[in-house]
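Undergrad:
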Amino acid sequence: MIELEQTKSGLITIKYNGRYIHSKYDPICESNQFIRGNMELINKPTIVVYGIGLGYHIDAIARKMNHNSMLYVFEWNKELIKCCRENNKNIFNNKNIKIFENDNKFYTNLSKYLSKAGDIIIHKPSLDTIRSSNEVLYNLINDYSFSKQSLEINKETVKNEEENYEANKKLEYGSIKCVVNKLKDSNKPYIIVCSGPSLDGELDRLRENREKFNIIAVGSSLRALMNKKIKPDVIVIVDGSEAVRKQFIGYEKEEIPLCFLSRASRWAVNAYKGPKYMFNGNDEDEIILRTGGTVAIPAMDMAVKCGTKKVILLGQDLAFIREKSHIGDFEEIYGIKDDLKKNYLNKFVEGVDGKFVNTTEGYIRFKNKIELLISNYKNVQFINCSKGVYIKGAKHLEFKELLKTL
466 MIELEQTKSG LITIKYNGRY IHSKYDPICE SNQFIRGNME LINKPTIVVY GIGLGYHIDA
526 IARKMNHNSM LYVFEWNKEL IKCCRENNKN IFNNKNIKIF ENDNKFYTNL SKYLSKAGDI
586 IIHKPSLDTI RSSNEVLYNL INDYSFSKQS LEINKETVKN EEENYEANKK LEYGSIKCVV
646 NKLKDSNKPY IIVCSGPSLD GELDRLRENR EKFNIIAVGS SLRALMNKKI KPDVIVIVDG
706 SEAVRKQFIG YEKEEIPLCF LSRASRWAVN AYKGPKYMFN GNDEDEIILR TGGTVAIPAM
766 DMAVKCGTKK VILLGQDLAF IREKSHIGDF EEIYGIKDDL KKNYLNKFVE GVDGKFVNTT
826 EGYIRFKNKI ELLISNYKNV QFINCSKGVY IKGAKHLEFK ELLKTL
């Protein structure tokens, strides 16, 4: 519900569901402070803002930006658009401001102008008004913002990934299309084996039913699978760190196809002597796999591009199970204790059983990306046989119960 109030400075401010969108004292002063923290973006020729409020911050940006710059404002909340139009018509009539509201081209335009601007200014109080009504957009914008912050913070990581790309493209490798074509149109469902702690309790069942599935394993689950004599059909890696090399110790000469992101660990890719296939090396690749922080994303996307109509997630917990965040082999692989829980400010989210589970901000972002991928494949059934977070769009089923249906 929207409420308008007169502030002590004589201006109008707005409350949405009981929360102020602008200052209840001086919205203009607040907006000037807001833009001072975004001057680097405001000086660009293309400026993208999410969140309109009553437009005070939009006015402030328009006054500071170059006369030939364009300001693109995106707002999903139609109530805010209507209220702003009634109380601040000027920004709707400014030829250097284009306002996009909730319609069927909203995401297309957001993607287009984000690509041009390379960054986004977020008016957080406006964004918070769609947290429950459009969780996908809310998470997309929050995750985009976090990714940009991480990019600034982790310049060494970016440099390392660039070096990975230069090293990897010099190696002999095949096209990801070769792997997809080999597995394409298999009648077996695809199971994505991740390295969450619940995997430990499912390995014996998986071994006994190995021939019922095509198995795509993330690199960190390889040792656990091989220790149980389960050989996956494909291994996928995306992480760029040197530590990924440890996932392959003892398995360097296997003949399992290794599918690696072009920026993945050059140490791991070089050490592995089996068949190798790079994906997302350039825009001319015939098959591009979706990526998004977690290796599960390209693994799931590969399964879909192989033509399957059923993708099963195993060990995709994204939460702490019995105080652990990874499989029991974690310590054997990396030589360090699985004590992630002690190092992060934890969150609590809904689990597959309806109870709250302990997780991290990073895992929540991975969950959001997985849910986005699932939402893009309406004709594919996703089944989550893990025991951690609830994943929207996936059917949640115990692995032993799933096996009864095959």
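Just so you know, we're using the numbering used here here: the sequence shown kicks off at 466 and counts up by one.
Built from N, CA and C at the ideal position, the CB exists for glycine as well.
Between which residues of its own chain and P510 is the CB-CB distance below 6 Å, once the five residues before and five after are set aside?
TA: Hits under 6 Å: S534.
Undergrad: Using the rule of at least 16 other Cβ atoms within 10 Å of the residue's Cβ for burial, across every protein chain shown, is N652 buried or exposed?
TA: exposed
Undergrad: By the 10 Å Cβ neighbour count, where 16 or more other Cβ atoms means buried, how is Q498 classified, buried or exposed?
TA: exposed
Undergrad: Which of the three DSSP states, helix, strand or coil, is assigned to Q498?
TA: The answer is helix: DSSP assigns Q498 an H, G or I state.
Undergrad: Whole-angstrom Cβ separation of C724 and Y742, contact assumed at under 8 Å?
TA: 5 Å
Undergrad: Pull up the distance between the alpha-carbon of S488 and that of Y603, whole angstroms please.
TA: 22 Å
Undergrad: From F713 to L726, what distance separates their C-alpha atoms?
TA: Rounded to whole angstroms, F713 to L726 spans 16 Å at the Cα level.
Undergrad: I'd like to check one pair, V845 with K774: are the Cβ atoms closer than 8 Å?
TA: yes
Undergrad: Grouping DSSP H, G and I as helix and E and B as strand, with all else coil, what is Q712?
TA: helix
Undergrad: Over what stretch of residues does the alpha helix (DSSP H) that includes N735 continue unbroken?
TA: 731 to 736 is the span of the alpha helix (DSSP H), which, as asked, contains N735.
Undergrad: Please classify R596: does DSSP put it in a helix, a strand, or coil?
TA: coil
Undergrad: For K869, count the other beta carbons within 10 Å of its own beta carbon; 16 or more makes it buried, fewer makes it exposed. Which is it?
TA: exposed
Undergrad: Starting from V644, trace the alpha helix (DSSP H) in both directions and tell me its first and last residue.
TA: 641 to 648
Undergrad: Note down, one range per segment and in chain order, each alpha helix (DSSP H) of at least 4 residues found wholly within the stretch 812 to 869.
TA: Fully enclosed alpha helix (DSSP H) runs of 4 or longer: 826 to 840, 864 to 869.
Undergrad: Considering only DSSP beta bridges, list what L536 is partnered with.
TA: I512, I562
Undergrad: Between the Cα of P414 and the Cα atoms of K570, G758, I721, which residue gives the shortest distance?
TA: As displayed, the chain neither begins before 466 nor continues past 871, which places residue 414 out of reach and without an answer.
Undergrad: Should V683 and S706 be called a contact, given that it needs their Cβ atoms to be closer than 8 Å?
TA: Not in contact: V683 and S706 (Cβ atoms no closer than 8 Å).
Undergrad: Got a sec, what are the start and stop residues for the alpha helix (DSSP H) I507 sits in?
TA: 504 to 507
Undergrad: Taking R501 as the reference, which of Y485, M530, Y490, K473 has the closest Cα?
TA: M530
Undergrad: With a 10 Å radius around its C-beta and 16 neighbouring C-beta atoms as the bar for buried, classify N482 as buried or exposed.
TA: exposed
Undergrad: At what residues does the alpha helix (DSSP H) containing I477 begin and finish?
TA: Per DSSP, I477 belongs to no alpha helix (DSSP H); it is in the beta strand (DSSP E), 477 to 481.
Undergrad: Taking DSSP as the reference, what is the three-state secondary structure of Y490?
TA: coil
Undergrad: Taking 8 Å as the cut-off, decide whether the C-beta atoms of F539 and Y515 are in contact.
TA: Cβ atoms of F539 and Y515: closer than 8 Å.
Undergrad: Mark M466 as exposed unless 16 or more other C-beta atoms lie within 10 angstroms of its C-beta, in which case mark it buried.
TA: exposed
Undergrad: With C-beta atoms as the reference, is F847 less than 8 Å away from L779?
TA: no
Undergrad: To the nearest angstrom, how far is the alpha carbon of T632 from that of P697?
TA: Residue identity differs from the one stated: residue 632 is Ala in this sequence, not Thr. When rounded, the distance between both Cα atoms is 26 Å.
Undergrad: Buried or exposed: where does T478 fall if 16 or more other Cβ atoms within 10 Å of its Cβ makes it buried?
TA: Burial call: buried.
Undergrad: May I ask you to report which of helix, strand or coil DSSP gives N531?
TA: coil
Undergrad: Determine the extent of the alpha helix (DSSP H) in which M765 is found, giving its start and end residues.
TA: 761 to 770
Undergrad: Taking its Cβ as the centre, do 16 or more other Cβ atoms sit within 10 Å of Y809, making it buried, or is it exposed?
TA: With a pLDDT of 49 at Y809, under the threshold of 50, the predicted position of this residue should be treated as unreliable, though the coordinate-derived value follows. Y809 should be labelled exposed.
Undergrad: Taking the C-alpha atoms as reference points, what is the distance between L592 and E600?
TA: 10 Å
Undergrad: Can you list the beta strand (DSSP E) stretches of 3 or more residues lying completely in the stretch 656 to 721, in chain order?
TA: 679 to 683, 699 to 702
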